[in-house]
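One point on numbering: in the UniProt record's numbering, the residue at position 184 of the sequence shown is 184, and numbering is uninterrupted. Beta carbons: idealized from backbone N, C-alpha and C, even for Gly. Below: the structure, in structure tokens.
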Amino acid sequence: MSSKILIIGACGQIGSELTFKLRSIYGDDNVVASDISYSNLEIVNSGLFEIVDAKDYASVKTCVEKFSIDTVYLMAAMLSATGEKFPMEAWDLNMTSLFNVLNLAKDNFIKKVFWPSSIAVFGTTTPKEYTPQYTIMEPTTVYGMTKQVGERWCEYYFTKYQVDVRSIRYPGIISWKTLPGGGTTDYAVEIYHEAIKNKSYECFLKPDSELPMMFMDDAIKATVDIMQAESEDIKIRSSYNLSATSFTPQEVAESIKKHIPEFEISYNPDYRQEIANSWPKNINDSYARQDWKWRHQFSLDDITDEMLLQLNKKYN
Ligand code: SER
Numbered sequence: 001m002s003s004k005i006l007i008i009g010a011c012g013q014i015g016s017e018l019t020f021k022l023r024s025i026y027g028d029d030n031v032v033a034s035d036i037s038y039s040n041l042e043i044v045n046s047g048l049f050e051i052v053d054a055k056d057y058a059s060v061k062t063c064v065e066k067f068s069i070d071t072v073y074l075m076a077a078m079l080s081a082t083g084e085k086f087p088m089e090a091w092d093l094n095m096t097s098l099f100n101v102l103n104l105a106k107d108n109f110i111k112k113v114f115w116p117s118s119i120a121v122f123g124t125t126t127p128k129e130y131t132p133q134y135t136i137m138e139p140t141t142v143y144g145m146t147k148q149v150g151e152r153w154c155e156y157y158f159t160k161y162q163v164d165v166r167s168i169r170y171p172g173i174i175s176w177k178t179l180p181g182g183g184t185t186d187y188a189v190e191i192y193h194e195a196i197k198n199k200s201y202e203c204f205l206k207p208d209s210e211l212p213m214m215f216m217d218d219a220i221k222a223t224v225d226i227m228q229a230e231s232e233d234i235k236i237r238s239s240y241n242l243s244a245t246s247f248t249p250q251e252v253a254e255s256i257k258k259h260i261p262e263f264e265i266s267y268n269p270d271y272r273q274e275i276a277n278s279w280p281k282n283i284n285d286s287y288a289r290q291d292w293k294w295r296h297q298f299s300l301d302d303i304t305d306e307m308l309l310q311l312n313k314k315y316n
């Protein structure tokens with residue numbers, strides 16, 4: 001049976017690339033992109049697009065019914081850094097949108113849900129090296145709190161109401177098409193733009209702040225893979241640890257210097273440093289590798305090659 005897909009938050013960093021990928025797999029007529037506004041014209045003009053307010057149950061339901069949607073990818077969220085500025089708004093958006101979609105599935109309007117969690121579910125008391133799937137989770141950001149409690153609700157809806165919800169804990173995602181918005185890991189995208197434009201970058205994290213990271217192509221592959229896996233292979237219904245690479249700002253700068261020797265980095269840590277300090281350095285994702293055969297492709301130097309190649313085309 002073919003899928004009829006709705007992507008909520010399709011104008012964002014991950015939603016936009018997911019839209020193009022899902023259209024290439026399932027066909028343009030079977031993938032509806034949606035967002036709260038027309039903020040990404042490439043997406044708006046690329047095919048089926050609807051204005052949907054993820055916080056408004058009726059708005060989501062109307063779109064689901066209009067296009068006979070059976071699968072929803074809920075990519076709308078307020079990320080960690082912006083969430084610290086607007087804690088109540090972050091809580092409201094991240095939780096209300098999740099409940100709206102889970103309840104549509106519970107009431108049989110849709111069959112399958114993808115909802116991303118994050119490394120932000122971990123906190124200062126979590127072991128930072130090779131962080132296990134099951135460990136202490138005391139997130140210190142509102143964003144992390146919404147993702148942690150959201151994971152519990154996903155598992156609850158699966159157990160109590162048989163909702164087929166699937167989730168992965170994304171690390172920082174690096175991409176060149178659409179900018180990220182309001183995350184602590186955003187430096188790892190900005191640095192490549194500034195390297196091409198100005199050959200220098202002032203980083204808001206310290207040189208040795210190691211965080212788990214992943215190239216967009218790997219993140220999209222993981223998303224598609226977990227959604228295409230057989231239901232019985234998805235043994236974790238909260239959210240899977242997911243890992244590709246891990247690096248510090250200093251290591252990205254060194255990787256860039258292999259291509260642009262005159263590139264210079266300086267450091268001016270701000271409030272995001274504290275968030276970064278609370279997160280793992282790297283992640284043990286053995287359950288994802290075992291249960292649904294997750295494999296990543298891109299190392300830091302692969303990411304640098306691709307980012308500089310693509311952004312050079314964009315700016316020059
Ligand atoms: N990239 C996200 C953030 O920094 C982590 O999920 O908030």
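- The closest heavy atom of the ligand SER lies less than 7 Å from the beta carbon of L79.
- Within 10 angstroms of the beta-carbon of E84 lie 16 or more other beta-carbons, which makes it buried.
- A distance below 8 Å separates the beta carbons of S97 and L74.
- For the options K112, Y57, K147 and E129, the alpha carbon positioned closest to that of A229 is the one of K112.
- Taken from the Cβ of A120, at least one heavy atom of the ligand SER lies inside 7 Å.
- Exclusion of T140 from the 7 Å shell around the ligand SER follows from its C-beta lying no nearer than that to any non-hydrogen atom of the ligand.
- Annotated three-state conformation of D186 is coil, per DSSP.
- Here P139 is buried: its Cβ has 16 or more other Cβ atoms, across all protein chains shown, within 10 Å.
- Our two residues, A81 and L211, have alpha carbons roughly 15 Å apart in a direct line.
- By the criterion of at least three beta-carbon pairs nearer than 8 Å, the region 243-250 is in contact with the region 205-220.
- By the neighbour-count criterion, in which 16 or more other beta carbons inside 10 Å mark a residue as buried, M88 falls on the exposed side.
- Counting C-beta atoms within 10 angstroms of its own C-beta, R152 has fewer than 16 neighbours from the protein chains shown and is therefore classed as exposed.
- Inter-residue distance for E194 and S299 is about 21 Å (C-alpha atoms, whole angstroms).
- Excluding the 5 residues flanking it on each side, D208 has same chain C-beta neighbours closer than 6 Å at T248, in chain order.
- DSSP places L93 outside any beta strand (DSSP E); the residue lies instead in the alpha helix (DSSP H), whose first and last residues are P87 to K106.
- A Cβ-Cβ distance of about 35 Å is found for the pair K199 and F122, leaving them out of contact under the 8 Å criterion.
- Inter-residue distance for K55 and K313 is about 37 Å (C-alpha atoms, whole angstroms).
- Taking C-alpha positions only, G27 is separated from N277 by approximately 42 Å.
- Excluding its 5 nearest sequence neighbours in each direction, F114 has C-beta neighbours in its own chain below 8 Å: T71, V72, Y73, L74, V165, R166, S167, T223, I226 and M227, listed in chain order.
- Secondary structure of L48 (DSSP, three-state): coil.
- Residue range G172 to I174 is occupied by the beta strand (DSSP E) that includes G172.
- Of the residues I275, S2, D92 and Y192, the one whose Cα lies closest to the Cα of G182 is I275.
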